[in-house]
Amino acid sequence: MFVSVRAGESESDTHHGEVMHGSESITKRYYSLSEAAMLGWAPDGGMFWPAKIRPFPRDELRAMATLSYPHLCAKILSRFVDGDTKLSESDVTQTVLRAFNAFGDNEVLKLSPLQESGVSVLELWHGPSLAFKDLGMSVLAALLSLLLRRRNGRLTLLVGTSGDTGSSAMEAVVTHGGEALSVVVLYPLRSFSNVSRVQELQMTRVAAANANVTAVGVEGSSDDLDVPIEDLFKDADFRKQHSIGSVNSVNVIRLIVQSVHYFWAYLRAHPACESSQTFVVPCGAGGNLSAGTLAIEL
């Protein structure tokens with residue numbers, strides 16, 4: 001299960017009870033993985049975080065060293081379905097494996113050593129939009145689509161992007177969303193931002209070709225467009241009335257899946273799990289770093 005974490009709160013304030021996704025600071029109610037995935041933001045405006053994290057025993061980690069990236073992802077994500085009446089471990093495994101079929105490389109990731117440097121580069125760009133965000137986004141869209149189809153529901157994803165997230169969300173919805181998902185992406189126009197021509201074309205090209213994808217250029221920075229998006233997600237009645245969901249980095253599915261590439265790289269470098277490893281994170285900002293923190297705790 002999961003609890004809501006907001007700025008200024010410590011782990012001791014929020015990590016109680018069993019592993020669930022929930023908003024403890026106001027309601028003291030826990031939320032399942034499927035509920036947290038559908039909500040995106042917690043009802044109190046916070047971000048979901050596991051209420052209790054169960055670290056993998058070292059023997060189990062060693063056994064995981066032989067798993068492919070998709071199977072490793074399925075195993076780690078399945079760890080969070082305890083008590084979920086809408087998602088089973090089998091659901092998660094099948095959905096995760098299907099989500100990575102659209103990647104250009106069967107291995108999904110590659111760990112490439114730099115010659116005579118002792119440094120390796122973890123290649124995260126083999127997804128449909130060529131951004132590392134495809135890893136979490138593909139799984140999230142596939143899981144949301146599964147949950148929505150089971151209840152004949154529909155969801156409109158509202159996304160703010162500074163470049164990569166938008167095209168990644170669009171590709172995921174087109175590939176995995178079916179009739180259940182649509183996406184509206186707000187992005188800062190190039191004259192107001194560092195969005196490249198290629199990034200803009202990635203979004204506008206997909207939007208022009210798919211009825212369930214909309215791209216909206218905004219006269220302002222990515223920080224400017226985040227303000228109305230956050231205001232909308234804080235309005236619970238509006239979200240419910242219009243079936244609005246989030247796939248930005250706050251969504252707990254993306255957070256968990258993004259923790260997996262840390263596991264995969266570590267286990268490839270240290271299959272006996274007897275050494276430490278330093279990671280340098282040049283991309284992905286807070287979401288990627290938060291995922292690394294989760295990987296350490298697991």
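In full-length UniProt numbering, the protein residues as written are 1 to 298. Ideal Cβ positions, reconstructed from N, Cα and C, are used throughout, including at glycine.
Pick from 241, 272, 269, 198 that is closest to residue 131, judged by C-alpha positions: What you label residue 131 is simply residue 131 of the sequence shown in a count that begins at 1. Ranking the options by Cα distance to residue 131, first place goes to 198.
Helix, strand or coil at residue 160 [DSSP, three-state]: Numbered from 1 along the sequence shown, position 160 holds the residue referred to as residue 160. Correct three-state label for residue 160: strand.
Range of the contiguous alpha helix (DSSP H) that encloses residue 49: Mapped onto the sequence shown, residue 49 falls at position 49. Taken as a continuous stretch (DSSP letters only), residue 49 belongs to no alpha helix (DSSP H), being part of the beta strand (DSSP E) at 47 to 50.
Residue from 262, 279, 276, 267 with nearest C-alpha to residue 294: Taking the sequence shown and counting its residues from 1, one reaches residue 294 at position 294. It is 262.
Buried versus exposed call for residue 117 [16 or more other C-beta atoms within 10 Å across all chains shown]: In the sequence shown, residue 117 corresponds to position 117, counting from 1. Residue 117 is exposed by the Cβ-count criterion.
Per-residue burial, residue 310 [other beta carbons within 10 Å of its own, 16 or more giving buried]: Since the first residue shown for the chain is 1 and the last is 298, residue 310 is missing from the structure and cannot be characterised.
contact_flag[the stretch 253 to 267, the stretch 184 to 193] where n(CB pairs < 8 angstroms) is 3 or more: no
Coarse secondary structure for residue 282, derived from DSSP in three states: In the sequence shown, counting from the first residue as 1, residue 282 sits at position 282. The answer is coil: DSSP assigns residue 282 none of H, G, I, E or B.
Residue range of the unbroken beta strand (DSSP E) whose run includes residue 110: If you number the sequence shown from 1, residue 110 lands on position 110. Here the beta strand (DSSP E) through residue 110 covers 110 to 113.
Identity of the residues DSSP links to residue 187 by a beta bridge: Position 187 of the sequence shown holds residue 187. Paired residues: 217.
Residues near residue 222 in its chain [Cβ-Cβ closer than 6 angstroms; skip 5 each side]: Counting from one through the sequence shown, the residue named residue 222 turns up at place 222. Within the same chain, residue 222 has close Cβ partners 162, 188.
Closest Cα partner of residue 93 within the set 133, 120, 73: Taking the first residue of the sequence shown as position 1, residue 93 is located at position 93. Considering only alpha carbons, the answer is 73.
Per DSSP, the bridge partner or partners of residue 4: What you label residue 4 is simply residue 4 of the sequence shown in a count that begins at 1. According to DSSP, residue 4 bridges with 48.
Supposed contact pair residue 147 and residue 86 - C-beta distance, whole angstroms, cut 8 angstroms: As a working note, residue 86 is residue 86 in the sequence shown. As a working note, residue 147 is residue 147 in the sequence shown. About 6 angstroms separates the two Cβ atoms, so the contact holds.
Unbroken beta strand (DSSP E) run spanning residue 120, endpoints: Translated into positions along the sequence shown, residue 120 becomes position 120. Start and end: 120 to 123.
First and last residue of the uninterrupted beta strand (DSSP E) at residue 29: Along the sequence shown, read from residue 1 onward, the residue named residue 29 stands at position 29. Segment 29 to 31, the beta strand (DSSP E) holding residue 29.
The stretch 235 to 246 touching the stretch 119 to 135, judged by at least three CB pairs closer than 8 angstroms: no
Residue 38 and residue 267 closer than 8 angstroms at C-beta: The sequence position of residue 38 within the sequence shown is 38, counting from 1. The sequence position of residue 267 within the sequence shown is 267, counting from 1. Not closer than 8 angstroms, so no.
Beta-bridge pairing of residue 244 - partner residues as DSSP gives them: Here residue 244 refers to the residue found at position 244 of the sequence shown. According to DSSP, residue 244 bridges with 156.
Three-state class that DSSP yields for residue 144 in the structure shown: Stepping through the sequence shown from its first residue, residue 144 is reached at position 144. Helix, per DSSP.
DSSP-derived helix/strand/coil call for residue 129: On the sequence shown, position 129 is the one that residue 129 refers to. If DSSP states are grouped into helix, strand and coil, residue 129 belongs with coil.
Contacts around residue 226, its chain only, beta-carbon distance under 8 angstroms, and the 5 residues preceding and following it disregarded: Against the sequence shown, residue 226 aligns to sequence position 226. Closer than 8 angstroms at the Cβ level, and outside the excluded window around residue 226, lie 160.
Residues of its chain near residue 248, where Cβ-Cβ distance is below 7 angstroms and the 5 sequence neighbours each way are ignored: Translated into the one-based positions of the sequence shown, residue 248 becomes position 248. Excluding residues within five positions, the ones whose Cβ falls inside 7 angstroms are 159, 160, 165.
Residue 181 - partner residues in DSSP beta bridges: In the sequence shown, counting from the first residue as 1, residue 181 sits at position 181. Answer by DSSP bridge pairing, in chain order: 155.
Alpha carbon of residue 200 to alpha carbon of residue 272, nearest angstrom: The residue given as residue 200 occupies position 200 in the sequence shown. The residue given as residue 272 occupies position 272 in the sequence shown. So the two alpha carbons sit approximately 44 angstroms from each other.
Of the listed residues 44, 120, 31, 100, nearest to residue 231 (C-alpha basis): On the sequence shown, residue 231 is found 231 positions in, with the first residue counted as 1. For the residues 44, 120, 31, 100, the minimum Cα distance to residue 231 belongs to 44.
Of the residues 78, 139, 100, the one placed nearest residue 90, counting alpha carbons only: Along the sequence shown, one-based indexing puts residue 90 at 90. When each option's Cα is compared against that of residue 90, the closest is 78.
Inter-residue CB distance, residue 136 and residue 253 (contact presumed, cutoff 8 angstroms): Within the sequence shown, the letter at position 136 stands for residue 136. Within the sequence shown, the letter at position 253 stands for residue 253. Confirmed, about 7 angstroms.
Selection from 110, 176, 290, 217 that minimises the alpha carbon distance to residue 145: Taking the sequence shown and counting its residues from 1, one reaches residue 145 at position 145. For the residues 110, 176, 290, 217, the minimum Cα distance to residue 145 belongs to 176.
Classification of residue 296 by the beta-carbon crowding that lies within 10 angstroms, buried from 16 upward: As a first step, residue 296 is located in the sequence shown; it is residue number 296 there, counting from the start. Classification of residue 296: exposed, given that the 10 Å Cβ count is below 16.
Distance between residue 256 and residue 213 (C-alpha atoms, nearest Å): Counted from its first residue, the sequence shown places residue 213 at position 213. Counted from its first residue, the sequence shown places residue 256 at position 256. If I take the Cα positions, the gap works out to 25 angstroms.
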